[in-house]
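Asker: In my numbering, the protein residues as written are 79 to 354. The beta carbon of each residue, even a glycine, is placed where N, CA and C say it ideally should be. Because the structure is a prediction, the values reported are computed rather than measured.
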Ligand SMILES: [Zn+2]
């Protein structure tokens, strides 16, 4: 299976980058926390990419791969960190990265030594002992947790056409629907296309509206899926208006008739969302 070598390669690359950044960027503390978060984010992205490229469609298998990748990344990042740190500060150290990686016992013993002395300072104090174990424990949870979450969400919004053996692609059809006057649309859209059709088509605008996102198979006309999101707008602290989307109905398959009916929504005359 293609996903496994991809995930291993990604673990090693991220761990090497993490180790050099952690040892050579001279500000410890909060910045190291960012490196850990960055690596967690990398784990999630890698899982999503690997699932897509290897066409893995088993949620259970992806969760297992996710946890395995989290644990592997945790171990490899420790080995890399120790290697980079000892290479920099210990003149008597002459092992290769490969030597360190092959010896979990050495990784563990070096970890115990670092824990005794500590190796970075925050506000003039150097965490050691149990306090450092707590920090390390949180980092470990973040990495392994990222694996579990990454495996669990790797297939979010992805739909596969078994007949054509390919993932569905985003459609160019753009359907925006105005909200009813009282703003409540939940019961209506729960009725499926019948309910959705009762909302007016609108131009995209700054007013809150619903958007139907379609995915289509590029090999056949029959595999189509749709999700419905609520589009709202928020002004961030720099005064920029950001579009924010919230899932209303998750990605689900449409039959041929439903597909035609959704496409027809895009061809109706459009109102301005604020007037709808
Ligand atoms: Zn197809």
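Less than 7 Å separating the Cβ of residue 229 from some heavy atom of ligand 1?
Answerer: Mapped onto the chain shown, residue 229 falls at position 151. Residue 229: no, Cβ never under 7 Å from ligand 1.
Asker: Would the C-beta of residue 301 count as close to ligand 1, meaning under 7 Å from any of its heavy atoms?
Answerer: On the chain shown, residue 301 is found 223 positions in, with the first residue counted as 1. Checking every heavy atom of ligand 1 against the Cβ of residue 301, one is found closer than 7 Å.
Asker: Can the beta-carbon of residue 334 be found closer than 8 Å to that of residue 300?
Answerer: The count along the chain shown starts at 1 and reaches residue 334 at position 256. The count along the chain shown starts at 1 and reaches residue 300 at position 222. Cβ distance < 8 Å, so residue 334 and residue 300 count as in contact.
Asker: Is the beta carbon of residue 307 sitting closer than 8 Å to the one on residue 225?
Answerer: As a working note, residue 307 is residue 229 in the chain shown. As a working note, residue 225 is residue 147 in the chain shown. No, the pair does not count as a contact, with Cβ atoms beyond the cut-off.
Asker: Please report how far the alpha carbon of residue 323 lies from the alpha carbon of residue 169, in whole angstroms.
Answerer: Within the chain shown, residue 323 is the residue found at index 245, counting from 1. Within the chain shown, residue 169 is the residue found at index 91, counting from 1. Their Cα atoms are separated by approximately 54 Å.
Asker: For residue 135, is the beta carbon positioned less than 7 Å from some heavy atom of ligand 1?
Answerer: In the chain shown, residue 135 corresponds to position 57, counting from 1. No, since every heavy atom of ligand 1 falls outside the 7 Å radius drawn around the Cβ of residue 135.
Asker: Less than 8 Å between the C-beta atoms of residue 288 and residue 257, yes or no?
Answerer: Locating residue 288 in the chain shown gives position 210, counting from the first residue. Locating residue 257 in the chain shown gives position 179, counting from the first residue. Yes.
Asker: In angstroms, rounded to a whole number, what distance separates the CA positions of residue 160 and residue 204?
Answerer: The residue given as residue 160 occupies position 82 in the chain shown. The residue given as residue 204 occupies position 126 in the chain shown. For residue 160 and residue 204, the distance between alpha carbons rounds to 18 Å.
Asker: Could you spell out the range, first to last residue, of the alpha helix (DSSP H) harbouring residue 333?
Answerer: Numbered from 1 along the chain shown, position 255 holds the residue referred to as residue 333. Where residue 333 is concerned, there is no enclosing alpha helix (DSSP H), given that its DSSP letter is neither H nor E.
Asker: At what residues does the beta strand (DSSP E) containing residue 292 begin and finish?
Answerer: Position 214 of the chain shown, counted from the start, is the residue given in the question as residue 292. Note, residue 292: beta strand (DSSP E), 287-294.
Asker: Taking 7 Å as the cut-off, is the C-beta of residue 256 nearer than that to any heavy atom in ligand 1?
Answerer: By one-based count along the chain shown, residue 256 stands at place 178. It does not: the Cβ of residue 256 is nowhere closer than 7 Å to a heavy atom of ligand 1.
Asker: So what does DSSP say about residue 353, is it helix, strand or coil?
Answerer: Taking the chain shown and counting its residues from 1, one reaches residue 353 at position 275. Note on residue 353: pLDDT 49, under 50, position unreliable in the model; no value is reported.
Asker: Out of curiosity, what's the CA-to-CA distance linking residue 232 and residue 132?
Answerer: Walking along the chain shown from the start, residue 232 turns up at place 154. Walking along the chain shown from the start, residue 132 turns up at place 54. Using only the alpha carbons, I get a separation of about 12 Å.
Asker: Would you list the residues sitting across from residue 320 in a DSSP beta bridge?
Answerer: On the chain shown, position 242 is the one that residue 320 refers to. 312.
Asker: Is the distance from the Cβ of residue 305 to the Cβ of residue 327 below 8 Å?
Answerer: On the chain shown, residue 305 is found 227 positions in, with the first residue counted as 1. On the chain shown, residue 327 is found 249 positions in, with the first residue counted as 1. Yes.
Asker: Answer yes or no: the CB of residue 297 versus the heavy atoms of ligand 1, is any distance below 7 Å?
Answerer: Here residue 297 refers to the residue found at position 219 of the chain shown. Result yes, Cβ under 7 Å from ligand 1.
Asker: Tell me which residue opens and which closes the beta strand (DSSP E) that residue 103 is part of.
Answerer: Mapped onto the chain shown, residue 103 falls at position 25. From DSSP, residue 103 is part of no beta strand (DSSP E); its letter is neither H nor E.
Asker: Can we count residue 158 as close to ligand 1, meaning its CB is less than 7 Å from some heavy atom?
Answerer: For the purposes of this step, residue 158 is taken as the residue at position 80 of the chain shown. For ligand 1, not one heavy atom lies less than 7 Å from the Cβ of residue 158.
Asker: Find the nearest neighbour of residue 180 within the set 105, 314, 153, judged by alpha-carbon distance.
Answerer: Start at 1 with the first residue of the chain shown, and residue 180 comes out as number 102. Answer by Cα proximity: 153.
Asker: By Cβ distance below 6 Å, which residues in the same chain neighbour residue 167 in space, the five residues on each side in sequence not counted?
Answerer: Here residue 167 refers to the residue found at position 89 of the chain shown. Hits under 6 Å: none found.
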